[in-house]
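First the structure, in the form of structure tokens, and then the observations on it.
2 protein chains.
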Amino acid sequence: MTSLGIGALAKRVGVRIDTVRYYERSGLLAPESRLESGYRRYSEAELTRLRFIRRAQVLGFSLKEIGELLALSKARNVVRVKRAAEVKLADVEERIAALVRMRDALSTLVSTCPGHGEPADCPILKSLGGEDCNEHS
Amino acid sequence: MTSLGIGALAKRVGVRIDTVRYYERSGLLAPESRLESGYRRYSEAELTRLRFIRRAQVLGFSLKEIGELLALSKARNVVRVKRAAEVKLADVEERIAALVRMRDALSTLVSTCPGHGEPADCPILKSLGGEDCNEHS
DNA sequence: CTTGACGCTGGACCATGGTCCAGGGTGTAG
DNA sequence: CTACACCCTGGACCATGGTCCAGCGTCAAG
Chain L
4 MTSLGIGALA
14 KRVGVRIDTV
24 RYYERSGLLA
34 PESRLESGYR
44 RYSEAELTRL
54 RFIRRAQVLG
64 FSLKEIGELL
74 ALSKARNVVR
84 VKRAAEVKLA
94 DVEERIAALV
104 RMRDALSTLV
114 STCPGHGEPA
124 DCPILKSLGG
134 EDCNEHS
Chain V
4 MTSLGIGALA
14 KRVGVRIDTV
24 RYYERSGLLA
34 PESRLESGYR
44 RYSEAELTRL
54 RFIRRAQVLG
64 FSLKEIGELL
74 ALSKARNVVR
84 VKRAAEVKLA
94 DVEERIAALV
104 RMRDALSTLV
114 STCPGHGEPA
124 DCPILKSLGG
134 EDCNEHS
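Take a look at the structure:
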């Protein structure tokens, strides 16, 4: 059946072989089985799991957090799973809010900056708090 | 005048002394002057600069990026400063979009999860791609 | 002058998330 | 059987962003 070696698995998901082994060391992704020789074999389940790990990572979750998320799928307690998801949701919303504040600040700076003229007239320079814009005493 | 030792500076901004020295090693924050003894002295300008570093960091900028941002305040080329700010703005907007996608996915999961019953009915568990929810071949 | 807080330097150490290498063995096609 | 790609393990190494320590000098109040 669809059984992959570590190289094929890594290629499918676009990660390095070492990364797959690193995830294994980190307790995130175990091979479905091993050949007599010790070669790792992966099934579709591990492919899905590895893709999930990568997706979650891109979205700012640490490997530790991802491990917790993954652990929830084994803990068959639906209530706890839901609560954990809610916590992650709140966390993501906080991150968004912080970035939105940054975006607003940046966009105000960009739109009020004439883009020419004296540095002293540039709101971006002023807001950076650089030496050129601050009192030296 | 308002001249601070490294300890006072660190306390005002809420960072450790070692962190201030680490930023100095990284080329982000030099003391305004040194006493004969070698003690670092900081003025208001450095206080502002340190606060800027922290703010930017919270918003996901690396120390390297912060260094670039700070360098712009010395480059008195307003055009380049504005362009750099626009690039950062686009970057922040991308991060927001990625997080919003994650938030939407998470919130759909949370709101469609009954919070009780069979694990098989929990959309969160299903989406994790865990072994409990996948075919084993 | 003594004491205690504060500061100095250089270098070790930490966690995170990999990445690479040596020195082997294995799998398979020709 | 030979070749060559693939895989194994263990351990070193990397960048980032700190954090801590030893061993020593300094500053300021009492």
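Those protein sequence lines, which keep their order, are chains L and V.
All residue numbers for the first sequence refer to this note's numbering, where the first residue is 4 and numbers rise by one.
All residue numbers for the second sequence refer to this note's numbering, where the first residue is 4 and numbers rise by one.
Even glycine gets a Cβ: it sits at the ideal position worked out from N, Cα and C.
{"query": "Between which two residues does the alpha helix (DSSP H) harbouring Tyr26 (chain V) extend?", "result": "20 to 28"}
{"query": "Please work out which residues of its chain come closer than 8 Å, Cβ to Cβ, to Arg1 (chain L), disregarding the five sequence neighbours upstream and downstream, and give them in chain order.", "result": "Outside the shown range of chain L, which is 4 to 140, sits residue 1 (chain L), and nothing can be said about it."}
{"query": "What does the Cβ neighbour count give for Val90 (chain L), buried or exposed, with the cut at 16 atoms within 10 Å?", "result": "exposed"}
{"query": "Mind checking who Leu7 (chain L) pairs with in its DSSP beta bridge?", "result": "L:Tyr45"}
{"query": "Using Cβ-Cβ distances below 7 Å, what residues of the segment 83 to 108 of chain L are close to chain V?", "result": "Val84, Lys85, Ala88, Glu89, Lys91, Leu92, Val95, Glu96, Arg98, Ile99, Ala101, Leu102, Val103, Met105, Arg106"}
{"query": "Measuring alpha carbon to alpha carbon, tell me which of L:Gln60, L:Leu7, L:Met105 ends up nearest Leu50 (chain L).", "result": "L:Leu7"}
{"query": "Is Leu112 (chain V) close to chain L? Criterion is C-beta to C-beta, closer than 8 Å.", "result": "yes"}
{"query": "Does the beta-carbon of Arg52 (chain L) have 16 or more other beta-carbons within 10 angstroms, so that it is buried, or is it exposed?", "result": "buried"}
{"query": "Taking only beta-carbon atoms, is Leu62 (chain L) less than 8 Å away from chain V?", "result": "yes"}
{"query": "So Val18 (chain L) and Ile9 (chain L) are supposed to be a Cβ contact under 8 Å. How far apart are they, rounded?", "result": "Wrong, their Cβ atoms sit about 10 Å apart, outside the cutoff."}
{"query": "Can you find the residues in the same chain that come closer than 6 Å, C-beta to C-beta, to Ile69 (chain L), ignoring five residues on each side of it along the sequence?", "result": "Ile56, Ala59"}
{"query": "Roughly how many whole angstroms lie between the Cα atoms of Asp107 (chain L) and Ile20 (chain V)?", "result": "31 Å"}
{"query": "Going by beta carbon distance, what residues of the same chain come within less than 6 Å of Ser140 (chain V), once the five residues before and after it are set aside?", "result": "Per-residue confidence for Ser140 (chain V) stands at a pLDDT of 28, beneath the threshold of 50, marking its modelled position as unreliable; the derived number appears in the next sentence. Excluding positions up to five away in sequence, the list is empty."}
{"query": "Between which two residues does the alpha helix (DSSP H) carrying Ser40 (chain L) extend?", "result": "Neither: Ser40 (chain L) is in no alpha helix (DSSP H) and is coded neither H nor E."}
{"query": "Would the segment 84 to 98 of chain L and the segment 96 to 106 of chain V be scored as touching if the rule is three or more Cβ pairs under 8 Å?", "result": "yes"}
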